[in-house]
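Residue numbers (this note's numbering), protein chains in the order written: chain P, 15 to 125; chain C, 245 to 361.
All residues carry an ideal CB built from backbone N, CA and C; glycine is no exception.
Take a look at the structure set out below.
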Amino acid sequence: EDQVTQSPEALRLQEGESSSLNCSYTVSGLRGLFWYRQDPGKGPEFLFTLYSAGEEKEKERLKATLTKKESFLHITAPKPEDSATYLCAVQAGTGRRALTFGSGTRLQVQP
Amino acid sequence: DTAVSQTPKYLVTQMGNDKSIKCEQNLGHDTMYWYKQDSKKFLKIMFSYNNKELIINETVPNRFSPKSPDKAHLNLHINSLELGDSAVYFCASSQDRSTSGKYNEQFFGPGTRLTVL
Numbered sequence: 015e016d017q018v019t020q021s022p023e024a025l026r027l028q029e030g031e032s033s034s035l036n037c038s039y040t041v042s043g044l045r046g047l048f049w050y051r052q053d054p055g056k057g058p059e060f061l062f063t064l065y066s067a068g069e070e071k072e073k074e075r076l077k078a079t080l081t082k083k084e085s086f087l088h089i090t091a092p093k094p095e096d097s098a099t100y101l102c103a104v105q106a107g108t109g110r111r112a113l114t115f116g117s118g119t120r121l122q123v124q125p
Numbered sequence: 245d246t247a248v249s250q251t252p253k254y255l256v257t258q259m260g261n262d263k264s265i266k267c268e269q270n271l272g273h274d275t276m277y278w279y280k281q282d283s284k285k286f287l288k289i290m291f292s293y294n295n296k297e298l299i300i301n302e303t304v305p306n307r308f309s310p311k312s313p314d315k316a317h318l319n320l321h322i323n324s325l326e327l328g329d330s331a332v333y334f335c336a337s338s339q340d341r342s343t344s345g346k347y348n349e350q351f352f353g354p355g356t357r358l359t360v361l
């Protein structure tokens, strides 16, 4: 069974204090690993897709990396508007198109 | 322009009632999904349709029945609502594969918060 574990559950940072979120996964043949951002009362918003170990993607203050067992979402010099829940999900190579999600990391960035 | 829309945003109803949630996407995607997000914030797949054909049907009670009248719409009908059905339901869509052969990201709607009293 595919599994995704995210850590930490919650993270509080000061504005400008860089950190990383972790996503460990077990999947039958990874087709893709996805990062989403979810704000309270809203649907998940797509951030990145990573397909193979060693791949990296960047967007503003966010950078996602992938190894064979985990992915990291690095946040450089975060701002209060980066506060949200960050979700990691995997898509298996079994033909199923559905995503298996982790429980997310709630990030709070204080000014 | 809203890419994936759901109605209603909030739904409060009594146990035993039947209700429907509607979803529409204007992205031209060929695959649509229903996910359930429980109180612990886990998102779990319920159903998936590709070109109006059911391709994923997870272990969901028979009281839940998806219907896809066309590629742009996927509705969720729930019979005999129970307290445990209270959750946020998300619709999503994706294009099955890009020209590169890679699976594409899913785009989510704003969610429908269902409360069963």
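1. Leaving out five residues on either side along the sequence, give the residues of the same chain with a beta carbon under 7 angstroms from the beta carbon of A98(P).
2. Under a Cβ-count criterion, where at least 16 other Cβ atoms within 10 Å of its own Cβ denotes burial, should N306(C) be classed as buried or exposed?
3. Can you find a C-beta in chain P that's less than 8 angstroms from the C-beta of T246(C)?
4. In chain P, which residues lie less than 7 angstroms from K284(C) when you measure between Cβ atoms?
5. So that I know if they touch, is there some Cβ in chain P lying closer than 8 angstroms to that of Q269(C)?
6. Take G43(P) as the anchor and find which of S85(P), Y65(P), L35(P) has the nearest alpha-carbon.
7. Can you list the beta strand (DSSP E) stretches of 3 or more residues lying completely in the region 22 to 87 of chain P, in chain order?
8. Write down the C-beta distance between M259(C) and V360(C) rounded to the nearest angstrom, noting that I regard them as a contact closer than 8 angstroms.
9. Using only alpha-carbon positions, find the residue among E23(P), Y39(P), H88(P), L101(P) that is nearest to K73(P).
10. Nearest CA to the CA of L277(C): which residue from P252(C), V304(C), N270(C), Q350(C)?
11. Less than 7 angstroms between C-beta atoms, sequence neighbours within five positions excluded: which residues of the same chain meet that for D16(P)?
12. Can you list, in chain order, the residues of its chain whose CB lies under 7 angstroms from that of D340(C), leaving out five sequence neighbours each side?
13. Reducing DSSP to helix, strand and coil, say where D282(C) ends up.
14. Using CA coordinates, which residue listed in R111(P), V123(P), F62(P) is at the minimum distance from K288(C)?
15. Starting from E297(C), follow its DSSP beta bridges and name the residues at the other end.
16. Indicate the three-state DSSP secondary structure (helix, strand or coil) for D314(C) in the structure shown.
17. With DSSP run on the structure shown, which of helix, strand or coil describes L271(C)?
18. Please report the Cβ distance between P252(C) and G57(P), rounded to the nearest whole angstrom; I am assuming they are in contact, meaning their Cβ atoms lie under 8 angstroms.
19. Counting along the chain, where does the beta strand (DSSP E) carrying R120(P) start and finish?
20. Going by alpha carbons, who is nearest to K311(C) out of A247(C), T246(C), N348(C), C267(C)?
For this structure:
1. Same-chain partners within the cutoff: R51, Q52, D53, L121.
2. Exposed is the call here.
3. Not an interface residue.
4. The contacting residues are S117.
5. Not an interface residue.
6. When each option's Cα is compared against that of G43(P), the closest is Y65(P).
7. Runs of the beta strand (DSSP E) inside the region 22 to 87 of chain P: 24 to 28, 33 to 40, 44 to 52, 59 to 64, 70 to 73, 76 to 80.
8. Contact holds; Cβ gap of about 6 angstroms.
9. Checking every option, the nearest Cα to that of K73(P) belongs to H88(P).
10. Here the sequence assigns Tyr to residue 277(C), which means Leu is not the residue at that position. Closest by alpha carbon: Q350(C).
11. So the qualifying residues of the chain are T40, V41, S42, V104, A106, T114.
12. Excluding residues up to 5 positions away in sequence, D274, T275, N294 lie with their Cβ nearer than 7 angstroms to the Cβ of D340(C) in the same chain.
13. Coil at D282(C), not helix or strand.
14. Nearest of R111(P), V123(P), F62(P) to K288(C), Cα basis: R111(P).
15. The partner list for E297(C) (beta bridge, DSSP) reads N294(C).
16. Strand.
17. Coil.
18. Contact flag wrong, Cβ pair sits at about 15 angstroms.
19. The continuous beta strand (DSSP E) containing R120(P) extends over residues 119 to 124.
20. Among A247(C), T246(C), N348(C), C267(C), the Cα nearest to that of K311(C) belongs to C267(C).
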